[in-house]
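Engineer: Numbering (this note's numbering), first residue to last: 69 to 179.
1) Going by beta carbon distance, what residues of the same chain come within less than 6 angstroms of residue 122, once the five residues before and after it are set aside?
2) How should residue 125 be labelled, buried or exposed, when 16 other C-beta atoms within 10 angstroms of its C-beta is the threshold for buried?
3) Would you call residue 100 buried or exposed, if buried means 16 or more other Cβ atoms sit within 10 Å of its Cβ?
4) For residue 155, name the three-state secondary structure that DSSP assigns.
5) For residue 96, which of helix, strand or coil comes out of DSSP?
6) Given this structure, state the Cα-to-Cα distance separating residue 105 from residue 175, to the nearest angstrom.
7) Go through its chain and collect everything with a Cβ distance to residue 136's Cβ below 6 angstroms, but skip five positions before and after it.
8) Within this structure, are the beta carbons of residue 163 and residue 96 separated by less than 9 angstroms?
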């Protein structure tokens, strides 16, 4: 029975793999900027949640370059990231998470 379940999962995984493989890519900083500056609230919230997810990941990983104060509000972080993306269109082609990290490391360095 276990072998049958494994075989079924393998076949199902094989059938769905191309769908997932085609849709996976990094979010660019330009994509994030479009979300954060969109007139649509849903898009703005998606961008804000992306920034929060990156920050959560960096804090969980204990990034040694980053010392964010515990009382910081997500709106402050989003404003910093949006400002960086607004003034630096040259970074729009890069991975959004790396631009968020660099922005935060510049604004909240560990000294």
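Positions of the beta carbon are idealized from the N, C-alpha and C atoms, including for glycine. Please read these numbers as outputs of a predicted model, since none were measured by experiment.
Structural biologist: Per the coordinate set shown:
1) Closer than 6 angstroms at the Cβ level, and outside the excluded window around residue 122, lie 165 and 168.
2) Exposed: under 16 other Cβ atoms inside 10 Å.
3) The residue in question, residue 100, is buried, as its Cβ has 16 or more Cβ neighbours within 10 Å.
4) Correct three-state label for residue 155: helix.
5) If DSSP states are grouped into helix, strand and coil, residue 96 belongs with the strands.
6) If I take the Cα positions, the gap works out to 21 angstroms.
7) Here the set comprises 176.
8) In this structure, residue 163 sits near residue 96, with a CB-CB distance shorter than 9 angstroms.
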